[in-house]
Structure formats: C-alpha cells, structure tokens
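Protein chains in written order, with this note's numbering: chain Y, 1 to 534; chain Z, 535 to 897.
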C-alpha cells in the first residue's frame with residue numbers, strides 16, 4: 001500500500017517504530033485527542049506526560065486497539081496500520097501493562113497467564129517459559145501461587161510477564177509505579193532498562209516526574225488533548241516538566257502557618273482488631289497521638305492494614321474498647337462514623353468511586369452523603385435539597401471542581417476532580433481531626449498540589465491530620481512526622497526531617513526497628529527515637 | 535464474535551422516557567403476530583385488549599380496582615429492591631394482612647355500640663400483620679444471615695395455608711352451610727363505595743395516598759436517600775453512617791406493611807368476607823410491576839395500570855375472541871423483558887467485537 005507516502009515524513013531521525021499522526025478522538029461534543037502526533041523509536045523509553053483528562057489514556061487506548069481514532073493514522077515502520085482491536089495491536093507487537101491489574105484473584109499465577117495465551121501453551125511448557133523469563137529478567141514468580149496471596153509488585157510482575165511472553169516490540173506502561181514500594185520500583189526500572197537495551201520501545205505513562213527524568217530520554221507532553229511539547233526530560237527539572245503539563249507555573253506547596261497547637265486531638269491506644277475477612281489484615285497494638293496543628297504521615301505498602309486502620313479510625317469498624325480511639329479527649333472506639341463526625345472528625349477514604357462517593361448520584365447528593373449528620377441539610381428527616389445544592393456549589397467553587405453542568409453525577413467526573421470534591425467536602429466542614437487515605441492517588445499534579453495545600457492549611461488552622469499514603473514524596477512534602485504500617489503494626493513516628501526514604505523503605509519492607517511498640521507511645525511531635533539511618 | 539456493553543457517558547432524559555414506550559410498542563407488535571398465528575385479526579385483538587377496557591365505566595373501574603393493590607404492593611417492594619434486598623413474599627404479607635384485618639371484622643361482627651372504630655382497626659391490623667410477617671425473613675437475614683429470597687417466598691405458602699385453615703375452622707361462618715368462608719362483613723367493616731351503585735371503593739384512594747407518600751419519602755427524605763445510596767453503593771452508604779441491619783428491617787417493614795394494607799383493602803373492599811383465596815397473585819404480579827415501573831413510584835403507577843389493563847382486556851379476549859389466558863400472561867412477561875432490555879440499551883451501547891472471544895484483557 002502507499003502508506004509510507006500518506007504518513008507525514010518523520011521529523012528527524014530514522015523511521016519511527018510506531019507513529020501516530022494527527023490523532024483526533026471525539027466522544028460526542030468532547031474532543032479527548034485533538035491532532036496528536038507521537039513517534040516512538042526502538043530502543044527508547046518514551047514518556048507520555050499530562051494531567052488527568054489531558055488525553056493520555058485515550059491515546060494509549062488508541063495505540064492498543066481499544067479505541068479507534070476519529071481522524072488520524074497509526075503507523076508501524078512507516079506503514080499505515082489499522083488497530084481495530086487489541087488482538088491486532090498484539091499481532092503487531094504492542095503489549096500493555098495496565099495500571100489496574102486485570103487479574104483473577106482466585107486463580108494461580110500460571111492460570112492467569114494462560115488466560116491470555118494461545119490455548120496450545122499450557123501446563124508444563126507454560127510454567128517453564130514463565131520460569132525462564134523470570135530468570136532472564138529477574139521477574140521471579142511462583143507459577144502455583146494464587147494471585148490473592150501476592151503483593152502489588154508481584155501482581156505487576158505477572159502483568160509484565162504476560163506481556164513479555166508475547167515478545168512485544170512496544171510495551172505501554174500505565175502508571176506502573178503507583179502501587180510499588182521504592183525497592184520494587186527500582187527492580188522495575190532495572191527490567192525496563194533491560195528491555196530498552198534489547199531494542200524494544202517503551203511508552204511510559206507516569207505522574208512521577210522524577211522517575212520520568214531518570215528513565216526516559218524523550219517525553220511527549222499533552223495538555224487538553226493536544227501536544228504542547230516534546231523534550232528530553234533529563235534536561236528539564238521536575239518543576240519545568242510540571243509547568244508544561246499544567247500550563248502555568250506550579251508552585252510547591254506553601255509551608256503551613258503554625259497555628260496554636262491544641263494538644264493531643266487524636267489518640268489511638270493499643271488498638272487491636274482481628275482481620276475483617278479472608279484477605280484482610282489484623283491490626284496489632286496500634287498506638288498513635290496526633291496534636292492539633294500536626295500532620296502525621298503513615299507510609300506503607302498497600303495491603304498492610306491501611307484500609308483496616310482507616311476503617312478503625314472512621315468508625316466503619318468499631319474498636320473492642322471505647323478508649324482505644326480518643327477524639328479530642330473523648331472515648332470514641334465504640335462510636336459509629338456519624339457520632340465521630342459530630343465530635344469534629346472527618347474522613348476521606350481511599351476509593352473515590354463507591355466509598356467516598358456514590359457514582360450515579362449528583363454532587364449535591366454526594367455532599368449529603370458524609371455531611372447529613374453534621375451540616376444543616378435535613379429538617380425533620382426531610383432533605384433540604386436547596387441547601388445541599390448550595391453546599392455542592394460552594395465546594396465546586398472553592399476547589400475548582402470541573403464537570404459537566406451545574407450538578408453532575410459523581411461518576412462522570414475525572415479522578416482528579418472527584419478527589420478534589422471529596423477532599424473539599426470534608427475540609428470545608430473545618431474538622432478538628434482529619435483522616436485521609438491516599439489523598440492524591442491517580443490525581444494529576446495540579447489537583448494534587450491543591451489537595452496537599454488544603455490539607456496543610458487545615459493543619460495550620462489547628463486541626464490534627466493523619467495522612468495515609470503510599471507516596472513517600474507526598475509524605476515528605478506535607479507530614480511533620482512519619483510512621484510506617486507493616487503487617488498491621490505501626491512503627492514509631494519519626495520527624496520527617498530526621499528520616500530518609502531508604503530508612504522508611506526498609507521499614508515498609510518489614511526490616512528495620514523491631515515492632516515492639518509497647519507501653520506509652522511517643523508524645524508527638526516530640527522526637528523520641530532517632531531514625532534508623534542506613 | 536462477542537458483544538460488549540459499554541456504558542454511555544451521558545443518558546438522554548428523552549431516551550429514558552422513550553425506551554419504555556418503544557418496548558411497549560415492540561411487545562404489542564410481537565403479540566399481534568402471535569394473535570395472527572392463533573387465527574384472530576390483530577387489529578380486533580388490539581381493540582379488545584387495549585381499547586375496550588377503557589371505553590366503559592364499569593371496565594374503567596375494574597382497571598382501577600386491579601391496579602390499586604398492584605401499585606401499592608409494588609411501591610413497597612421498590613424500597614426493598616432499591617436497597618438490593620429481595621422480598622419475594624409480598625403475596626404472603628398480603629394474605630397475612632387480609633387475614634388479620636378480616637379477623638377484626640369477624641370478631642366485631644354483631645357487636646353492640648359504636649362501630650366507627652371497626653374499619654380503621656381493620657386497616658391498622660392488616661398493615662401491622664403485613665409488617666410482622668415481613669419481619670420474619672428480615673430478622674432471619676439480619677440475625678442469622680439467612681437468604682431473604684427463600685424465606686420470604688416459602689412463607690407465602692405458610693400464610694395461604696393458615697388462611698385456608700382459619701376459614702375452614704375458627705373463622706368459618708356458623709350459618710354458612712359448612713362453606714369455607716367467614717360471615718359477610720357488616721357495612722361498618724366495608725370500605726365505602728366512591729359512587730353509589732358502582733364498584734369503585736375507597737381502597738383506591740388509600741393506595742393513591744400511600745403511593746404519593748412513598749414517592750415523597752423516596753425522593754425527599756433522608757431515609758429515602760439512604761435506601762437509594764445503599765442500592766447504588768453499599769460501601770458508600772456505610773461511609774454515610776447508614777446501618778445495614780436497620781435499613782433491612784425498615785424496607786421489609788415498608789414492603790410488608792404496604793402488602794398487608796393492600797390485602798385488607800381487598801378483603802374489606804371487593805370481597806367483603808374471608809375465603810380461602812383472596813388474591814389472584816397480586817403479590818407476585820407486583821414484582822413485575824415494580825420492575826416494569828423501574829422502581830419509581832410514578833413509573834409503578836403507570837405499570838400497574840398497563841398490567842391491569844391487559845388483564846381486564848385479556849378476560850375480554852377470552853370471552854369475545856376465545857384467546858387463551860396464557861396469551862395475556864405471555865404478553866406481560868414479554869413486556870417486562872423488553873422494558874428491562876430497553877433499559878439496558880439506554881445505559882449502555884452495544885459494540886460488536888469480531889474475532890475470537892475469551893483471550894482478551896480490557897481494563
């Protein structure tokens with residue numbers, strides 16, 4: 001076919017392995033991609049940067065055959081190709097590692113891999129290939145382990161192995177480090193560099209600018225569905241990359257103004273809870289104290305009891321002893337979530353859709369969801385819909401929540417906008433105590449900065465804040481002290497200035513100081529223990 | 535080849551209204567073909583089914599009298615189904631309500647003194663009996679985790695046999711020549727007629743009021759919000775501080791109370807005595823009505839009228855056109871299937887994916 005002539009001449013250098021030219025994708029009136037050009041060459045790790053809603057996912061899905069572009073062409077070695085479905089993309093050598101793993105929890109590693117393999121490849125032969133790949137790349141996996149028993153890093157290895165078994169020429173990775181510990185991320189980087197050196201192309205999508213600067217030699221930056229620039233990220237600073245992504249200079253968060261500390265506002269006293277279910281984590285003897293004006297960061301790898309700790313703090317699961325949870329000096333372990341809210345506490349769970357918000361309900365109804373017990377939104381059991389709408393409007397204005405129409409359904413908002421809404425809903429209540437789990441997970445840089453600033457400002461006004469996060473950068477940015485949750489036990493909090501990523505990384509991996517937190521917990525924010533410096 | 539259902543980004547409100555109308559049209563067309571195969575001109579059958587019942591005063595009243603209990607029971611069930619709780623036993627709660635209310639009427643029969651209390655006491659007893667009977671599956675679920683689907687369904691037969699025993703035994707009319715039925719209620723124990731010499735009685739008004747109240751509760755109260763939130767997202771409802779157990783008991787109480795009230799309204803209205811059969815399956819048909827009306831009170835009211843219309847029309851078709859009753863039932867089932875199918879199409883669009891199935895990973 002006369003494809004090569006139809007494709008625009010590659011700009012500089014040899015014919016790219018894969019190219020996308022003039023990609024336009026419209027969903028109704030909304031244009032997700034607007035004339036996007038992208039060239040990916042063999043042997044490079046190419047970063048795709050952009051805020052949530054910039055069109056990264058759409059472009060990625062077009063390259064993987066999940067969506068077809070409205071206009072524009074995709075080329076493979078200069079020839080125009082049509083990627084009608086993922087099979088066609090895979091046949092051309094395009095593989096994909098998804099951000100949210102598509103694995104069946106109750107099947108084993110080998111079974112999960114066999115699911116996407118040709119039927120002929122099963123049993124012993126498959127197990128051998130998995131083992132060989134594992135040895136080659138350092139992707140160690142036990143084919144017989146059931147997936148539910150694996151960590152996020154191990155699950156990601158399954159996805160990568162699944163992808164590599166098809167010997168891809170281009171691997172698309174969507175936010176691959178969002179669920180990994182620093183150590184696991186390092187191991188991943190080694191694998192990615194190895195793949196690059198083998199001459200494969202990698203398209204790397206991430207919010208973490210320092211990773212992009214470290215790994216990638218070229219970056220394409222999207223904003224509002226258009227390419228706003230390509231650059232060599234190694235020659236840029238994280239701040240200049242972020243500025244290109246959001247279009248305006250992103251300032252780091254302002255330090256909080258230190259307000260009058262009000263003494264201990266949130267206390268957990270030897271809180272022990274059995275595991276809530278088959279795959280849950282029991283909480284073991286957890287003690288913490290957070291003073292007014294203080295932000296305590298809780299680091300840890302997903303699945304080490306974060307959800308259980310959050311539920312115990314929020315009252316969604318109740319403590320066996322009333323005194324195990326104290327809010328502003330009052331025993332609250334036996335209280336439900338609304339009683340705790342009435343004591344001045346507020347909570348932001350990790351999962352936006354389906355926990356913090358009801359996706360099909362409007363924002364005003366979602367404002368009711370957590371505020372009906374504490375805000376004047378009902379009268380004699382009747383909803384004051386006008387008041388709820390006014391509250392939602394205030395939230396939308398204060399936190400710049402963008403959605404379609406004046407009162408859109410929560411499920412139609414992008415992740416960053418819904419998170420701003422959910423965080424804003426709690427912070428606008430001026431809680432004395434705020435517990436927030438993964439405040440900026442999967443949120444773009446501008447929204448994340450806004451959320452962090454709001455949390456800092458709240459603490460500056462005298463509230464006690466607990467931030468549970470897997471993002472160490474975030475904790476270093478906003479927390480006064482950091483403790484690590486590992487296997488349901490919490491390490492002693494250490495002032496942020498007195499610890500390091502390496503030290504926390506070891507604690508997150510279960511090595512470091514022994515978890516014997518008996519007796520009186522350290523009075524925050526005083527320094528009791530020196531960080532284990534390694 | 536494979537079919538993928540992809541959620542629509544936005545739902546058009548017009549499509550939401552149009553979809554059930556188109557589903558109804560499709561059901562009529564398919565029904566017309568079936569009628570033609572049975573050797574009856576479809577046009578004539580259409581007139582008998584859908585137009586004739588609306589053309590005379592008596593048949594209009596029949597439609598209203600049939601629609602009232604259906605809509606009342608279905609509205610109660612909508613609370614359960616919205617909260618993802620499956621009360622299949624409204625028929626039993628209906629029978630319990632009719633029996634308890636009828637019992638009051640039998641007990642008060644022939645008593646001296648004022649009689650104004652009898653009818654309110656019957657309605658109250660019927661409603662409370664429906665609630666109490668629905669509490670059995672609700673408590674079993676809350677306390678022991680027993681599936682409410684099985685228990686509520688099985689309790690239907692218990693209630694029916696209890697009624698059967700009562701009208702053959704303790705509540706039988708001593709002067710009734712051993713017929714299995716109670717005394718005929720006195721006027722004070724009957725729902726008053728709305729028009730002299732006609733059949734429409736006050737039960738229709740009671741149903742209408744109850745449905746309006748339910749619509750208000752569902753849309754405008756915190757409790758209604760709770761029901762909707764639990765149905766849409768149980769985890770988020772717990773985050774809102776709503777208790778599963780309390781909600782389970784509450785929605786079962788509402789659906790049981792509504793069914794019980796419908797039961798006593800039928801007994802105190804049209805029937806006027808207790809007998810072994812007091813329901814032509816209202817409690818089960820109401821499940822269809824609830825889903826046909828998409829679990830919203832206005833929709834349920836409309837669906838109840840459509841089902842009542844086809845039932846009355848079906849009786850006419852049996853007499854005038856010798857068409858079987860099963861045709862009516864098949865049509866009602868067809869209508870439900872098409873409405874639910876149309877509902878799926880308003881929320882998703884279908885993408886046909888050619889090629890092999892199975893070995894595909896989509897996010």
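All C-beta atoms in this analysis are idealised placements derived from N, C-alpha and C, irrespective of residue type, glycine included.
How long is the line joining the alpha carbons of residue 483 of chain Y and residue 477 of chain Y, rounded to whole angstroms? What you label residue 483 of chain Y is simply residue 483 of the first chain in a count that begins at 1. What you label residue 477 of chain Y is simply residue 477 of the first chain in a count that begins at 1. Rounded to the nearest angstrom, the two C-alpha atoms are 15 Å apart.
Secondary structure of residue 56 of chain Y, DSSP reduced to three states: For the purposes of this step, residue 56 of chain Y is taken as the residue at position 56 of the first chain. Correct three-state label for residue 56 of chain Y: helix.
Hey, out of Z:638, Z:675, Z:796 and Z:832, whose CA is closest to residue 782 of chain Z's CA? Taking the second chain and counting its residues from 1, the one referred to as residue 782 of chain Z is at position 248. For residue 782 of chain Z, the closest alpha carbon among the candidates Z:638, Z:675, Z:796 and Z:832 is that of Z:675.
Using beta carbons (cut-off 8 Å, strictly below), is residue 775 of chain Z in contact with chain Y? Looking up residue 775 of chain Z in the second chain gives position 241. Interface criterion met: the Cβ of residue 775 of chain Z is under 8 Å from a Cβ in chain Y.
Using only the alpha-carbon positions, how far apart do residue 538 of chain Z and residue 430 of chain Y sit? If you number the second chain from 1, residue 538 of chain Z lands on position 4. If you number the first chain from 1, residue 430 of chain Y lands on position 430. Roughly 45 Å separates the two Cα atoms.
For the segment 751-764 of chain Z, which residues have a CB atom closer than 7 Å to at least one CB atom of chain Y, in sequence order? The residues in question are 754, 755, 756, 757, 759 and 763.
Tell me the rounded alpha-carbon separation between residue 551 of chain Z and residue 710 of chain Z. For the purposes of this step, residue 551 of chain Z is taken as the residue at position 17 of the second chain. For the purposes of this step, residue 710 of chain Z is taken as the residue at position 176 of the second chain. Going by the C-alpha atoms only, they are around 52 Å apart.
Just verifying my parser: in three-state terms, what is the DSSP assignment at residue 202 of chain Y? Within the first chain, the letter at position 202 stands for residue 202 of chain Y. The three-state secondary structure of residue 202 of chain Y, taken from DSSP, is strand.
C-alpha gap between residue 470 of chain Y and residue 300 of chain Y, whole angstroms: As a working note, residue 470 of chain Y is residue 470 in the first chain. As a working note, residue 300 of chain Y is residue 300 in the first chain. Their backbone Cα atoms lie some 6 Å apart in a straight line.
Confirm, please, whether the CB-CB distance from residue 319 of chain Y to residue 333 of chain Y is below 8 Å. Along the first chain, one-based indexing puts residue 333 of chain Y at 333. Along the first chain, one-based indexing puts residue 319 of chain Y at 319. Their beta carbons are under 8 Å apart, which means residue 333 of chain Y touches residue 319 of chain Y by this criterion.
Residues of its chain near residue 425 of chain Y, where Cβ-Cβ distance is below 7 Å and the 5 sequence neighbours each way are ignored: The residue given as residue 425 of chain Y occupies position 425 in the first chain. The beta carbon of residue 425 of chain Y sits closer than 7 Å to those of 367, 370, 371 and 395, all from its chain and outside the five residues before and after it, given in chain order.
Mind listing which residues of the segment 323-353 of chain Y have their C-beta closer than 7 Å to chain Z's C-betas, in chain order? Answer in chain order: 336, 337, 338 and 349.
Which listed residue (Y:298, Y:162 and Y:149) has its alpha carbon closest to that of residue 129 of chain Y: As a first step, residue 129 of chain Y must be located in the first chain, where it is residue number 129. Of Y:298, Y:162 and Y:149, the smallest CA-CA separation from residue 129 of chain Y is found for Y:162.
Please state whether the Cβ-Cβ distance between residue 568 of chain Z and residue 861 of chain Z is less than 8 Å. For this step, residue 568 of chain Z is matched to residue 34 along the second chain. For this step, residue 861 of chain Z is matched to residue 327 along the second chain. It is a contact, given that the beta carbons lie within the stated cut-off.
Neighbour list for residue 225 of chain Y in chain Z, Cβ cutoff strictly below 7 Å: Numbered from 1 along the first chain, position 225 holds the residue referred to as residue 225 of chain Y. Here the premise fails: no neighbours, minimum Cβ distance about 16 Å.
Please report the residue range of the beta strand (DSSP E) in which residue 75 of chain Y lies. Residue 75 of chain Y sits at position 75 when you count from the first residue of the first chain. Here the beta strand (DSSP E) through residue 75 of chain Y covers 71-76.
For residue 567 of chain Y, name the three-state secondary structure that DSSP assigns. Nothing about residue 567 of chain Y can be read from this structure; chain Y reaches only from 1 to 534.
Between which residues of its own chain and residue 404 of chain Y is the CB-CB distance below 7 Å, once the five residues before and five after are set aside? Counting from one through the first chain, the residue named residue 404 of chain Y turns up at place 404. Here the set comprises 412.
In terms of residue numbering, what span does the beta strand (DSSP E) encompassing residue 220 of chain Y cover? Looking up residue 220 of chain Y in the first chain gives position 220. Its beta strand (DSSP E) spans residues 218-223.
Tell me, to the nearest whole angstrom, how far the beta carbon of residue 268 of chain Y is from that of residue 286 of chain Y; I am working on the premise that it is less than 8 Å. Position 268 of the first chain holds residue 268 of chain Y. Position 286 of the first chain holds residue 286 of chain Y. Taking C-beta atoms under 8 Å as the contact rule, residue 268 of chain Y and residue 286 of chain Y qualify, at a distance of about 5 Å.
Taking buried to mean at least 16 other C-beta atoms within 10 Å of its own C-beta, is residue 106 of chain Y buried or exposed? Walking along the first chain from the start, residue 106 of chain Y turns up at place 106. So residue 106 of chain Y ends up on the exposed side.
Rounded C-alpha distance that separates residue 250 of chain Y from residue 622 of chain Z: On the first chain, position 250 is the one that residue 250 of chain Y refers to. On the second chain, position 88 is the one that residue 622 of chain Z refers to. Residue placement at residue 250 of chain Y cannot be trusted, given a pLDDT of 47 that sits under 50; the coordinates are not used to answer.
Considering only C-alpha positions, which residue in the set Y:388, Y:379, Y:337 and Y:498 is nearest to residue 361 of chain Y? Stepping through the first chain from its first residue, residue 361 of chain Y is reached at position 361. It is Y:388 whose Cα lies nearest to the Cα of residue 361 of chain Y.
Anticipated Cβ contact below 8 Å, residue 143 of chain Y with residue 127 of chain Y, distance rounded: Here residue 143 of chain Y refers to the residue found at position 143 of the first chain. Here residue 127 of chain Y refers to the residue found at position 127 of the first chain. So it is a contact: roughly 5 Å between Cβ atoms.
Leaving out five residues on either side along the sequence, give the residues of the same chain with a beta carbon under 8 Å from the beta carbon of residue 263 of chain Y. The residue you call residue 263 of chain Y lines up with position 263 of the first chain. If we look at residue 263 of chain Y and ignore the five residues flanking it on each side, its Cβ neighbours are 291 and 292.
Can you look up residue 142 of chain Y in the DSSP assignment and give me helix, strand or coil? For the purposes of this step, residue 142 of chain Y is identified with residue 142 of the first chain, where counting begins at 1. Here DSSP, grouped into helix, strand and coil, assigns residue 142 of chain Y to coil.
Please classify residue 149 of chain Y as buried or exposed, where buried requires at least 16 neighbouring CB atoms within 10 angstroms. Along the first chain, one-based indexing puts residue 149 of chain Y at 149. It counts as exposed.
Please look up how many angstroms separate the CB atoms of residue 77 of chain Y and residue 15 of chain Y, rounded, as I've assumed it's under 8 Å. Residue 77 of chain Y sits at position 77 when you count from the first residue of the first chain. Residue 15 of chain Y sits at position 15 when you count from the first residue of the first chain. Rounded, the Cβ-Cβ distance is 6 Å, consistent with contact.
Indicate the three-state DSSP secondary structure (helix, strand or coil) for residue 25 of chain Y in the structure shown. Sequence index remark: in the first chain, residue 25 of chain Y carries index 25 (1-based). In the structure shown, residue 25 of chain Y sits in a strand (DSSP, three-state: E or B).
Short of 6 Å in beta carbon distance, which residues of its chain neighbour residue 25 of chain Y, apart from the five on each side in sequence? Order them along the chain. Locating residue 25 of chain Y in the first chain gives position 25, counting from the first residue. In its chain, beyond the 5 residues on either side, 32, 33, 58, 69 and 70 have a beta carbon closer than 6 Å to the beta carbon of residue 25 of chain Y.
Run through chain Y and tell me which residues come within less than 7 Å of residue 766 of chain Z, C-beta to C-beta. Locating residue 766 of chain Z in the second chain gives position 232, counting from the first residue. Residues of chain Y passing the Cβ test: 358, 360 and 361.
Endpoints, the beta strand (DSSP E) within which residue 882 of chain Z is located: Translated into positions along the second chain, residue 882 of chain Z becomes position 348. From DSSP, the beta strand (DSSP E) with residue 882 of chain Z extends over 882-887.
8 Å is my cut-off, CB to CB: does residue 85 of chain Y come that close to chain Z? The residue labelled residue 85 of chain Y in the question sits at position 85 within the first chain. Residue-level contact check: residue 85 of chain Y touches chain Z, since one or more beta carbons of chain Z fall below 8 Å from its beta carbon.
Contact the segment 839-848 of chain Z vs the segment 749-760 of chain Z: 3+ CB pairs below 8 Å: Inter-segment contact for the segment 839-848 of chain Z and the segment 749-760 of chain Z is absent: fewer than three beta-carbon pairs are separated by less than 8 Å.
Count the C-beta pairs between the segment 301-318 of chain Y and the segment 431-440 of chain Y that are closer than 8 Å, then say yes if the count reaches three, no if not. Taking 8 Å as the limit for Cβ pairs, the verdict is that the segment 431-440 of chain Y does touch the segment 301-318 of chain Y.
So with CB distances below 7 Å, who are the chain Z contacts of residue 378 of chain Y? Here residue 378 of chain Y is taken as the residue at index 378 of the first chain, counted from 1. Neighbours of residue 378 of chain Y on chain Z, chain order: 756.
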